[in-house]
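Q:
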């Protein structure tokens with residue numbers, strides 16, 4: 001097996017991964033940086049971000065106000081020192097992107113424009129029409145490819161990370177073109193592999209977003225944190241689940257039920273459609289369960305009404321949304337409401353890391369959606385995600401560079417490398433079992449939709465956990481029909497299913513353990529927030545018998561928990 005070596009190895013080429021690569025490469029031109037992605041970097045899921053990126057840019061706004069909105073939106077589970085750092089650094093990142101050529105939407109005076117967004121008390125979402133993630137990605141990619149000390153490994157699939165004596169040494173990856181496995185040595189490794197909402201049946205996520213990095217480090221002994229908190233975006237397009245940005249409501253869109261009424265007045269009378277996502281998703285679910293949804297060929301749905309905005313404003317501010325609605329939803333928002341309902345969208349939980357993006361393993365960093373630095377707590381505010389990717393991508397790159405400059409390469413265990421090669425090619429690709437990947441994957445996604453969705457109960461979560469563990473046993477008997485090596489998508493899907501089954505198990509285990517309702521985690525059998533017993537984070541450690549749970553306190557600096565109302 002060929003062994004490749006780079007000072008810093010970054011896994012993932014979305015907004016967080018590219019920003020980390022640029023920061024590391026520009027720290028010192030002698031640092032050798034590798035970026036590994038299972039797709040071409042400009043096809044990473046970050047291009048799907050639409051609505052905007054949050055930052056304090058105007059008089060009347062302040063860092064404290066942005067931090068307060070974030071802490072309150074997080075239902076007080078965010079670590080407030082992390083939040084304060086994040087909101088202070090975000091404006092600098094947006095200005096940096098502007099200097100690199102990011103084409104932000106502008107005010108008539110030529111300033112970067114900002115729109116309102118759910119849970120924010122000030123219009124602080126900088127945006128580029130409804131294609132913010134796309135233009136940020138192209139800006140970052142353009143900056144990255146001119147760095148002579150960055151090497152891209154596009155269409156390579158990471159299978160494991162090698163950590164010994166709590167020190168990261170390297171990882172293994174398959175070159176999808178040849179089908180051959182390689183080992184990478186790195187003085188520092190940054191995980192920026194995104195979220196895992198593909199464990200659910202109805203989701204806004206790209207098919208490639210399967211949370212591989214989370215499972216890989218989890219199996220290597222690094223804990224995952226707050227995995228019970230999965231965000232359900234209120235406006236997933238029916239039927240495909242594609243995201244309809246919260247910017248549609250930020251521009252003045254209404255949510256209506258079968259009676260044509262704006263029902264959010266009953267759930268968040270002050271903020272209405274601009275309440276945080278967890279509140280709006282629960283309101284929509286309650287309307288649907290109460291029989292007040294509009295009826296369509298794919299079942300009941302909620303209407304997102306943009307008609308009153310007019311064709312000109314829709315074309316200026318929401319051109320992609322109109323195009324997607326027409327082509328994939330079968331409606332023109334100029335003439336009729338867009339059919340939507342809640343969709344799995346974001347993981348507040350992830351790899352446990354601190355404000356410097358450091359994990360529990362020396363030399364291993366985590367940033368972006370795969371990481372849980374506890375900035376988002378129990379519920380992320382819209383537009384804080386891309387901002388977090390920029391801020392903490394920069395931090396990860398800078399911290400990894402410092403570590404690499406003071407470290408040396410470590411020898412990789414040949415036994416570990418050979419064991420991983422055998423697991424993948426002999427154990428999974430070589431299996432002759434009678435189970436099929438699509439069958440197990442669809443069953444996992446269905447039961448997560450039915451039993452670990454917007455509203456949860458202990459009985460359903462216990463049932464889901466039992467079924468997931470049954471699916472994990474069935475996976476051992478899976479068969480990949482294609483036995484070839486080059487671009488074996490069947491093998492990739494099997495590896496991704498293996499990873500997502502672990503993530504589904506951790507998510508349900510933590511959701512069952514947290515006997516309260518907080519943010520995106522709503523228990524019908526424990527309906528109140530319980531600060532006395534549950535103002536703490538859950539850490540999940542890998543064991544052969546399932547996740548082992550531990551707890552750490554939430555950091556409170558300025559804002560003790562209060563009643564959360566909108």
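Numbering (the numbering used here), first residue to last: 1 to 566. Note that the Cβ used here is the ideal one computed from N, Cα and C, for glycine as well.
Can residue 458 and residue 515 be called in contact, C-beta distance under 9 Å?
A: Taking the chain shown and counting its residues from 1, one reaches residue 458 at position 458. Taking the chain shown and counting its residues from 1, one reaches residue 515 at position 515. Yes, the pair counts as a contact, with Cβ atoms nearer than the cut-off.
Q: Is the segment 152–171 touching the segment 397–415 in the sense that three or more CB pairs, one from each, lie closer than 8 Å?
A: yes
Q: Considering only the alpha carbon of each residue, which of 352, 13, 441 and 433 lies closest to residue 155?
A: Counting from 1 along the chain shown, the entry for residue 155 is found at position 155. Nearest option by C-alpha distance: 13.
Q: If you count every other CB in all the chains shown that lies within 10 Å of the CB of residue 214, and 16 or more means buried, which is it?
A: Numbered from 1 along the chain shown, position 214 holds the residue referred to as residue 214. Classification for residue 214: buried.
Q: What number of angstroms, rounded off, separates the C-alpha of residue 4 from the C-alpha of residue 362?
A: Taking the first residue of the chain shown as 1, we reach residue 4 at position 4. Taking the first residue of the chain shown as 1, we reach residue 362 at position 362. About 20 Å.
Q: Is there contact here, the segment 185–201 with the segment 17–31, by at least three beta-carbon pairs under 8 Å?
A: yes
Q: At least one CB of chain B closer than 9 Å to the CB of residue 251: is that the case?
A: You won't find chain B in this structure, because it holds only one protein chain.
Q: Give every residue of the same chain whose Cβ lies closer than 7 Å to the Cβ of residue 452, excluding the five residues on either side of it in the sequence, and list them in chain order.
A: Along the chain shown, read from residue 1 onward, the residue named residue 452 stands at position 452. These residues qualify, in order along the chain: 461, 464, 507, 508 and 511.
Q: Using the three-state DSSP reduction, which class does residue 161 fall into: helix, strand or coil?
A: Here residue 161 is taken as the residue at index 161 of the chain shown, counted from 1. Correct three-state label for residue 161: strand.
Q: Do residue 36 and residue 220 have their C-beta atoms closer together than 9 Å?
A: Against the chain shown, residue 36 aligns to sequence position 36. Against the chain shown, residue 220 aligns to sequence position 220. The answer is no: Cβ separation not under 9 Å.
Q: Rounded to the nearest angstrom, how far is the Cβ of residue 232 from that of residue 281, given a contact under 8 Å?
A: Here residue 232 refers to the residue found at position 232 of the chain shown. Here residue 281 refers to the residue found at position 281 of the chain shown. Correct: roughly 4 Å between the Cβ atoms.
Q: So, using beta-carbon positions, are residue 114 and residue 52 closer together than 9 Å?
A: On the chain shown, position 114 is the one that residue 114 refers to. On the chain shown, position 52 is the one that residue 52 refers to. Cβ distance < 9 Å, so residue 114 and residue 52 count as in contact.
Q: Please report how far the alpha carbon of residue 311 lies from the alpha carbon of residue 338, in whole angstroms.
A: In the chain shown, counting from the first residue as 1, residue 311 sits at position 311. In the chain shown, counting from the first residue as 1, residue 338 sits at position 338. Their Cα atoms are separated by approximately 14 Å.
Q: Let me confirm a value: residue 29 is counted as buried when at least 16 other C-beta atoms fall within 10 Å, else exposed. Which label applies?
A: Stepping through the chain shown from its first residue, residue 29 is reached at position 29. Result: exposed.
Q: On the three-state DSSP scale, how would you describe residue 100?
A: Here residue 100 refers to the residue found at position 100 when the chain shown is read from its first residue. Coil, per DSSP.
Q: Excluding the five sequence neighbours on either side, which residues of its own chain have a C-beta within less than 8 Å of the C-beta of residue 517, listed in chain order?
A: Position 517 of the chain shown, counting from 1, holds the residue named residue 517. Cβ neighbours of residue 517 within its own chain (closer than 8 Å, five residues either side excluded): 523, 526, 527, 528 and 529.
Q: I want to know whether the segment 380–395 touches the segment 59–77 - three or more CB-CB distances under 8 Å.
A: yes
Q: Residues bridged to residue 186 by DSSP?
A: Numbered from 1 along the chain shown, position 186 holds the residue referred to as residue 186. DSSP lists 6 as partners of residue 186.
Q: Would you please state the rounded distance, in angstroms, between the beta carbons of residue 129 and residue 319? I believe it to be under 8 Å.
A: On the chain shown, residue 129 is found 129 positions in, with the first residue counted as 1. On the chain shown, residue 319 is found 319 positions in, with the first residue counted as 1. 6 Å between Cβ atoms; contact.
Q: To which residues of the same chain is residue 469 closer than 8 Å at the C-beta, ignoring the five residues directly before and after it?
A: The residue you call residue 469 lines up with position 469 of the chain shown. Result list for residue 469: 505 and 546, in chain order.
Q: When you compare the segment 363–374 with the segment 89–101, are there three or more beta-carbon pairs, one atom per stretch, that lie closer than 8 Å?
A: no
Q: For the structure I just gave you, are there three or more beta carbon pairs, one from the segment 99–114 and one from the segment 387–406, closer than 8 Å?
A: no
Q: Mind checking who residue 305 pairs with in its DSSP beta bridge?
A: Looking up residue 305 in the chain shown gives position 305. DSSP, once it has assigned bridges, lists 254 as partnering residue 305.
Q: Output needed for residue 112: all residues of its chain with C-beta closer than 8 Å, excluding positions within five of it in sequence on either side, in chain order.
A: Residue 112 sits at position 112 when you count from the first residue of the chain shown. A distance below 8 Å between beta-carbons, with the five flanking residues on each side excluded, links residue 112 to the following residues of its chain, in chain order: 57, 94, 98, 104, 105, 106 and 126.
Q: Just to confirm, are residue 44 and residue 152 a CB contact at a threshold of 9 Å?
A: Position 44 of the chain shown, counted from the first residue, corresponds to residue 44. Position 152 of the chain shown, counted from the first residue, corresponds to residue 152. Contact: no.
Q: On the DSSP letters alone, give me the boundaries of the beta strand (DSSP E) that residue 33 sits inside.
A: Start at 1 with the first residue of the chain shown, and residue 33 comes out as number 33. 33–37 is the span of the beta strand (DSSP E), which, as asked, contains residue 33.
Q: For residue 293, which residues of its own chain have a beta-carbon under 7 Å away from its beta-carbon, when the five flanking residues on both sides are left out?
A: Taking the first residue of the chain shown as 1, we reach residue 293 at position 293. Taken in chain order, the residues that qualify are 257, 258, 287, 300, 301 and 302.
Q: The beta strand (DSSP E) that contains residue 496, what's its start and end?
A: Walking along the chain shown from the start, residue 496 turns up at place 496. Where residue 496 is concerned, there is no enclosing beta strand (DSSP E), although the alpha helix (DSSP H) it sits in stretches over 489–513.
Q: Helix, strand or coil: how does DSSP classify residue 480 here?
A: One-based indexing of the chain shown puts residue 480 at position 480. Three-state result, residue 480: coil.
Q: Among residues of its own chain, excluding the 5 on either side of residue 553, which ones have a beta-carbon nearer than 7 Å to its beta-carbon?
A: Numbered from 1 along the chain shown, position 553 holds the residue referred to as residue 553. Answer for residue 553: 536, listed in chain order.
Q: Name the two residues that bound the continuous alpha helix (DSSP H) containing residue 18.
A: The residue labelled residue 18 in the question sits at position 18 within the chain shown. Unbroken alpha helix (DSSP H) run through residue 18: 15–27.
Q: What is the rounded straight-line gap between the Cα of residue 344 and the Cα of residue 448?
A: Here residue 344 is taken as the residue at index 344 of the chain shown, counted from 1. Here residue 448 is taken as the residue at index 448 of the chain shown, counted from 1. Residue 344 and residue 448: Cα-Cα distance of roughly 10 Å.
Q: According to DSSP, simplified to helix, strand and coil, what is residue 147?
A: Here residue 147 refers to the residue found at position 147 of the chain shown. Three-state result, residue 147: coil.
Q: From this set, 87, 278 and 560, which residue's C-alpha is nearest residue 65's C-alpha?
A: Against the chain shown, residue 65 aligns to sequence position 65. With distances taken between Cα atoms, residue 65 lies closest to 87.
Q: Need the endpoints of the alpha helix (DSSP H) that residue 391 sits in, please.
A: As a first step, residue 391 is located in the chain shown; it is residue number 391 there, counting from the start. Per DSSP, residue 391 belongs to the alpha helix (DSSP H) from 384–405.
Q: If we count the other Cβ atoms within 10 Å of its Cβ and call it buried at 16 or more, is residue 521 buried or exposed?
A: Within the chain shown, the letter at position 521 stands for residue 521. Its Cβ being crowded by 16 or more others within 10 Å, residue 521 is buried.
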